[in-house]
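Enquirer: Take any residue in the sequence shown, note its place counting from 1, add 6, and you have its number in my numbering. Have a look at the structure that comes next, please.
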Amino acid sequence: MKKLDLDRFFYRILLSNFDLKMKLTTLLLIISLFQIKANTYSQDKRISLKMSNVKLETILTKIESISAYSFLYNHKKIDVNKVLSVHAKNQKISNVLKKLFSGTDIYMVYRKHQIILKKKPSIPSKQVKKEPKAEEPQEHILEGSVYDQNGVPLPGANIIEKGTTNGTQTDFDGNFTIILKHPNPILHISYLGFISKEVNITDQTQLKITLQEDSDKLDEVVVVGYGTQSKRRVTGSISSIDVIETEKAGFLATDDVLQGRVPGVQIASTSGTPGGQQRINIRGIGSLQGNNLPLIVIDGIPINNTDPSSLNDQVFGTVNSQSPLALLNPNDIESIDILKDAASTSIYGSRGTNGVIIISTKKGKQGKAKVNFSTYAGIQHAPQKIHTANTALWLEVNNEARNNFNTDQGLTSGDSGFLSPLSNPLSPGQTEYDWTAGITNSSALIQDHNLSIHGGNDKTRFYTSLGYFNQEGWFKKSEFGRYSTKLTIEHKFNAKAKFGVNIIGNHSINNRVASHEGGLRLLVRSLEQRPADQPYHPDGSYNIGGSATLTRHNGVQVINEQDSKYKTYRGIVTVFGEFKPFEGFSYTPSFNLDYGTYHDNTYRSPLHPRGRNVNGQVFDSRNILTNILVENLFNYHKNWEDLELKATVAHSFQKQVIESSLIDARNFPSPSFTAISSAATQFAFGAKSENALDSYLGRVSFTFKDRYLLDTSFRRDGSSRFADGKRYGNFPSVSTGWILSNEPFLEENSWVSFLKLRASYGVTGSTSSIGNYNSLALVSGGADYLGNSGLTANQLANPNLTWEQARSTNIGLNLHLFDSRIKVTMDYYTRDTDDLLYDRPVHGTSGFTTFSENIGSMTNEGFELGINTSIINTDSFSWNLDFNISTAKNELTSLLSEKPIPLGYNVLKTGEAIGSIYLLKQIGIYQSDSDVPSSLAANGVRAGDVIYEDINNDGLINASDRQIVGNAFPDAFGGINNSFKYKNIDLSIFSSFSIGNDIYAAWRSGGFLAGGAAGSIRVGGGVDGLGFSQFGMLRSTAQNRWTGPGTSNTTPRAIASGTGAAFHNNQASSRWVEDGSFFRIKNITLGYSLPDTLIKKLSVDNFRIYTTGTNLFTFTKYSGYDPEASDSSDPRTFGADFLTAPPLRTVILGLTINF
């Protein structure tokens, strides 16, 4: 009880500190808002000014500097060189200007934040009537506004009357006023980073202009490690996600945004549940063990990419991990940049081998405060149904199996062992039960609501947001909810000092259904139930799995009698300063904290299959993550006539601590009273894990004549995971680029807009294959003896453990054609990894099972192609087409010995690809008894049974005949995006595809692993057993079974369970290896933006409604739910599917308003 009291005390302190932080944050926000308000001027704003005998132009410039006004005038008509004086103390601007121009021929016209100076017309003589000269037309005053493609105003856009020097700029709200000089003028509008536009002006007085982003502008930047870089001058391999394009569709999850959008990135689901873990691979795999996830950096903070709740998963065999990206509200994302080659990732040193995903969230922008509101709601459905045999077909197959058994054994009715036909298992009036429908929702709701406000002035900028997301899962009772908030404030004290705070807060509640918990594989078991099986007995009690009336676990009972809630609170805080003591130099210190608490509580009632024998059970785990990062960054930038130099030097220290505790409580007095303290039996587990990383890094970039590029970087990492003398590793890189399109021989080429060649080499590292203490000898508790507690050794020390090192080479090309209407990116890469960290098996007499060593090597290579095209681009209609395709091949070049190392359905074999599927190879069906070898016939194999390839020709089929029959990794993968816009209507169609990956459909074979190196390869019959009377079966398998010569060469005959033929037919083999290739229409979005006339009436900047369909159609030969699913994040065992819950087909209706 004291421990619980201390916990409560600790949480009170946390909450009180959090409350104080929120109060301070609110105060800062209010101060910043008042500062912005203070710069919102009107004609009544008071100023003080004392200037004597100076030019009018100087006075106007001074007023512009101390107010929000700008002046417009015609230089030919307004003499700004006139010498004037002005003396005003705390007077209204309007009064100051009246006095200033008193007695002159100048008068003023106020237009929001602009003051137009005009010359008073002279009064003509009564005797002479002058006609206006043709060359002096009447003035045309035009007002307008400039926006980007999302309806966001663009302050500071340049407005020029073509052919003249007459021009102006837009104000904070994107508005402008200009006095046009010529009849029928042409207006030229430009803005940094956007495509310029020209508009013919006739008699308009109001104008709304929309500019499109231009990815070719010199100032477009991508986020790289510890800084930004001009995209034009990037020499490494970096891809960027078009966040604007994906935002239009309504974000469902940050993970999904990455799928198929850029070359080299592959996503697979490992859980299928809301908020669940996704497997993300960049350019294949980088390590032999570990999760191979890329490093994820959010606003400069490398975050923990594993879920602390995995302690539960390890202890209890569940697969529940939550995605590390689930903490982030996708609507707060400003940009996503993916670093792929070593030149880009080596700046992150020991964590860069698997690639780096850099996510930057939104910040404040200078201008009037803007409010953005977005919302959507929709419905989800399962994409397809797996059909099982009905009772009539099931009965037909089982009786055929019994008849085949009797025939094989020569038995007739009355003989001992004769199998009598089964009768209809359905009682009169009883109907078949759909077990999958019994545990899943026919439809599930999804909704998302977000509100953000941003703005600022030349001193202070802010961004703040609130978000709520909720998604029901496919399994009944499953649901994920997230509350999110964000606050960013940046304040510029002067030209040399800036301070900023960035806070991301998140609270999630995940009602989880463990679809893969131990043997409770709910989806598989729902298919394996016989069609006549029922979840309840006539008296309403549960039909218990494993009994005579129900073979498999009762999924309805499992879901009804278990409640699992996973609650998280997570905050990421960054406090930074920026100091520029002299030109070209800056110093940026920062303190970063990633802090989270994770509470996982699972209750199993006495009626649950796992709670039944212990009278109820509670698992309660609490995890605390503390991730502290302190960095000091120095930058230097210098330009000479032909040479540009950029240099970065930094020191980084990061420490991560995970504290975990878990209680397994059993035997409760009542299902309605489940307090842990009331349990008669309690088991406690605890763990604390720490690691630290001390790093020194630097980067130098040279650009010569804007044509020749050179980048070098170096990082030295010291990790606490290794012993003294082995802790530090060095990770250098060098890359070069040549912008050929800037060479004289290509400058005048009309069809090549941009051409750059790139090459890079670098070294990165990894420690993801080991834990925090693998170099140490460890002991653990629990070794009780004669009633006394004791310790036991559980790990051997290896002080020689060191870094995995990957040496990578990349050659690339960027080519833009026909005024950049076609953009091509190509990359070829290789990556050789040495000193792979692997757990070597040791002899059992040592008292240990494995010993961590650097003992392997592997290689990767691949090709990436990305094409972006602007096929049609007119004022009223546009069509853009984007396409990318990638390959990623790997090979294990050394490990232990040349002998294969079987791992379940997979194998590690030198000279072969990691992810290889290792099984017997089925090559047909025996069509007659005479075809069956005598050695197999002696075990009951007959016509209609499976033919396996006997690779050693010994006449036997056993584990020695296993061979590689497929690979989990695809030959190629990619995506296609079509986006269309016609006036105010937009349409996008995004598809992803995979070619050549294989899937072992373990759910069809019965779901049992295939033994060890020399173990049995037998599996259960499962839904493909064809005669296992205790199981259901697939409809297609039952219909396509062998029933006589020539009827089938792929699916065997029906045969009773327990026989030699049944054992022979249902061994793990290529029979269950399927082509996982697919083409998926991932996303279709149709949107409509209200026209300008309605926008003005509603007093908003943008109003868009849209509908999006996700996972609408999947074209594949795979018989399971999802060809992208994988039950494992371990690269050694990719490719087996036990029926992970699939991504749901979703249709949403959304609305976005900006004002």
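Heads up, the beta-carbon is just placed ideally off N, CA and C, and yes, glycines get one too.
By how many angstroms is the C-alpha of G479 removed from the C-alpha of G487?
Expert: Here residue 487 corresponds to residue number 481 of the sequence shown, with the count starting at 1. Here residue 479 corresponds to residue number 473 of the sequence shown, with the count starting at 1. C-alpha separation (whole angstroms): 11 angstroms.
Enquirer: Can you check the segment 929 to 1006 for any beta strand (DSSP E) of at least 3 residues that lies completely inside it and give the ranges in chain order?
Expert: Those beta strand (DSSP E) runs which fall completely within the segment 929 to 1006 and span 3+ residues are 952 to 954, 969 to 973, 978 to 988, 991 to 1001, 1004 to 1006.
Enquirer: How many Å lie between G150 and H460 at the Cα?
Expert: By 1-based counting over the sequence shown, the position of residue 150 is 144. By 1-based counting over the sequence shown, the position of residue 460 is 454. The straight-line gap from Cα to Cα measures roughly 23 angstroms.
Enquirer: Quick one: grab the DSSP three-state call for Q568.
Expert: Start at 1 with the first residue of the sequence shown, and residue 568 comes out as number 562. Strand at Q568.
Enquirer: What separation, rounded to the nearest whole angstrom, lies between the Cα atoms of L703 and A349?
Expert: Taking the sequence shown and counting its residues from 1, the one referred to as residue 703 is at position 697. Taking the sequence shown and counting its residues from 1, the one referred to as residue 349 is at position 343. Straight-line Cα distance between these residues: approximately 13 angstroms.
Enquirer: Once the 5 residues before and after S774 are set aside, which same chain residues still bring their CB inside 6 angstroms of it?
Expert: Position 768 of the sequence shown, counted from the first residue, corresponds to residue 774. Excluding residues within five positions, the ones whose Cβ falls inside 6 angstroms are S293, G296.
Enquirer: Looking only at its own chain, which residues have a Cβ that is under 6 angstroms from the Cβ of G384, when we skip the five neighbours before and after it?
Expert: What you label residue 384 is simply residue 378 of the sequence shown in a count that begins at 1. So the qualifying residues of the chain are I452, T1152, V1153, I1154.
Enquirer: Which residue or residues does DSSP assign as beta-bridge partners of A94?
Expert: Working through the sequence shown from its first residue, we reach residue 94 at position 88. Answer is L55, bridged to A94.
Enquirer: From L1145 to V227, what distance separates their C-alpha atoms?
Expert: Residue mapping note: residue 1145 aligns to position 1139 of the sequence shown, counting from 1. Residue mapping note: residue 227 aligns to position 221 of the sequence shown, counting from 1. C-alpha separation (whole angstroms): 43 angstroms.
Enquirer: Closest to A1142 by C-alpha separation, out of R1010, T1120, T1122, would be which residue?
Expert: Taking the first residue of the sequence shown as position 1, residue 1142 is located at position 1136. The option with the nearest alpha carbon to A1142 is R1010.
Enquirer: Taking all protein chains shown into account, do 16 or more other C-beta atoms lie within 10 angstroms of the C-beta of R846, making it buried, or fewer, making it exposed?
Expert: Position 840 of the sequence shown, counted from the start, is the residue given in the question as residue 846. Exposed, by the Cβ-count rule.
Enquirer: Below 9 angstroms between beta carbons: does that hold for G1093 and S1063?
Expert: Within the sequence shown, residue 1093 is the residue found at index 1087, counting from 1. Within the sequence shown, residue 1063 is the residue found at index 1057, counting from 1. No; because the gap between Cβ atoms is not below 9 angstroms, this pair is not in contact.
Enquirer: Nearest-angstrom Cα distance between T855 and F424?
Expert: As a first step, residue 855 must be located in the sequence shown, where it is residue number 849. As a first step, residue 424 must be located in the sequence shown, where it is residue number 418. Approximately 48 angstroms, taken between the alpha carbons.
Enquirer: Grouping DSSP H, G and I as helix and E and B as strand, with all else coil, what is N360?
Expert: The residue you call residue 360 lines up with position 354 of the sequence shown. Correct three-state label for N360: coil.
Enquirer: G561: which of S592, F481, V636, E167 sits nearest, CA to CA?
Expert: By one-based count along the sequence shown, residue 561 stands at place 555. Checking every option, the nearest Cα to that of G561 belongs to F481.
Enquirer: Note down, in chain order, each residue of its chain lying with its Cβ closer than 6 angstroms to the Cβ of K573, except the 5 sequence neighbours on either side.
Expert: Position 567 of the sequence shown, counting from 1, holds the residue named residue 573. Around K573: I515, H605.
Enquirer: Let me know the secondary structure DSSP gives P595 once reduced to three states.
Expert: The count along the sequence shown starts at 1 and reaches residue 595 at position 589. Residue state, collapsed to three classes: strand.
Enquirer: Skipping 5 residues on each side, what residues in its chain have a beta carbon closer than 6 angstroms to that of Q568?
Expert: Within the sequence shown, the letter at position 562 stands for residue 568. Closer than 6 angstroms at the Cβ level, and outside the excluded window around Q568, lie R610, H614.
Enquirer: Roughly how many angstroms lie between the CA atoms of K9 and S683, to the nearest whole one?
Expert: The residue given as residue 9 occupies position 3 in the sequence shown. The residue given as residue 683 occupies position 677 in the sequence shown. A caution first: K9 carries a pLDDT of 35, below 50, which makes its placement in the model unreliable, though a value can still be read off. Cα-Cα distance, rounded: 12 angstroms.
Enquirer: Give the single residue among F591, E584, P675 whose Cα lies nearest to the Cα of Y642.
Expert: In the sequence shown, the residue the question calls residue 642 occupies position 636. Nearest C-alpha to Y642: F591.
Enquirer: Please report the straight-line C-alpha distance between G796 and F691, rounded to a whole angstrom.
Expert: Residue numbering aside, residue 796 sits at position 790 when the sequence shown is read from its first letter. Residue numbering aside, residue 691 sits at position 685 when the sequence shown is read from its first letter. About 15 angstroms.
Enquirer: Please state whether DSSP places K586 in a helix, a strand or coil.
Expert: Translated into positions along the sequence shown, residue 586 becomes position 580. If DSSP states are grouped into helix, strand and coil, K586 belongs with coil.
Enquirer: Classify W757 as helix, strand or coil using the three-state DSSP reduction.
Expert: Mapped onto the sequence shown, residue 757 falls at position 751. Residue state, collapsed to three classes: coil.
Enquirer: Starting from T880, follow its DSSP beta bridges and name the residues at the other end.
Expert: Counted from its first residue, the sequence shown places residue 880 at position 874. The partner list for T880 (beta bridge, DSSP) is empty, contrary to what the question assumes.
Enquirer: According to DSSP, is L33 part of a helix, a strand, or is it coil?
Expert: Within the sequence shown, numbered from 1, the residue matching residue 33 stands at position 27. Bear in mind that the predicted position of L33 carries a pLDDT of just 38, short of 50, making it too unreliable to give a figure here.
Enquirer: Taking only runs of the beta strand (DSSP E) that begin and end inside the segment 764 to 848, which ones reach a length of at least 3 residues, in chain order?
Expert: Entirely contained in the segment 764 to 848, the beta strand (DSSP E) runs reaching 3 residues are, in chain order, 784 to 786, 798 to 801, 810 to 823, 828 to 847.
Enquirer: Would you mind sorting A1068 into buried or exposed? The rule is 16 or more other CB atoms within 10 Å of its CB.
Expert: The residue given as residue 1068 occupies position 1062 in the sequence shown. It counts as buried.
Enquirer: Closer than 6 angstroms by C-beta to S246: which residues in its own chain qualify, once you throw out the five before and the five after it? Chain order, please.
Expert: Mapped onto the sequence shown, residue 246 falls at position 240. Excluding residues within five positions, the ones whose Cβ falls inside 6 angstroms are V228, D343.
Enquirer: CA-CA distance, K762 and F751?
Expert: Stepping through the sequence shown from its first residue, residue 762 is reached at position 756. Stepping through the sequence shown from its first residue, residue 751 is reached at position 745. If you take the alpha carbons of K762 and F751, they lie about 14 angstroms apart.
Enquirer: How about L807: is its Cβ closer than 8 angstroms to a heavy atom in the ligand COA?
Expert: Among the components of this structure there are no ligands whatsoever, and the ligand COA is therefore not found.
Enquirer: Let me confirm a value: W757 is counted as buried when at least 16 other C-beta atoms fall within 10 Å, else exposed. Which label applies?
Expert: The residue given as residue 757 occupies position 751 in the sequence shown. Classification of W757: exposed, given that the 10 Å Cβ count is below 16.
Enquirer: Contact check, S998 vs G266 under 8 angstroms by CB: the rounded distance?
Expert: As a first step, residue 998 is located in the sequence shown; it is residue number 992 there, counting from the start. As a first step, residue 266 is located in the sequence shown; it is residue number 260 there, counting from the start. S998 to G266, Cβ: 3 angstroms. Contact.
Enquirer: Can you check whether the CB of G157 is closer than 9 angstroms to the CB of N1108?
Expert: The count along the sequence shown starts at 1 and reaches residue 1108 at position 1102. The count along the sequence shown starts at 1 and reaches residue 157 at position 151. Yes; because the gap between Cβ atoms is below 9 angstroms, this pair is in contact.
Enquirer: Counting pairs of Cβ atoms below 8 angstroms between the segment 827 to 835 and the segment 248 to 259, do you hit three or more?
Expert: Touching, no.
Enquirer: Compare the C-alpha of E859 against each of D545, D825, G777, G981 and name the closest.
Expert: Position 853 of the sequence shown, counting from 1, holds the residue named residue 859. Measuring from the Cα of E859, the nearest candidate turns out to be G777.
Enquirer: Report yes if the CB atom of S1075 is closer than 9 angstroms to the CB atom of V971, and no otherwise.
Expert: Here residue 1075 refers to the residue found at position 1069 when the sequence shown is read from its first residue. Here residue 971 refers to the residue found at position 965 when the sequence shown is read from its first residue. Yes. Within cutoff.
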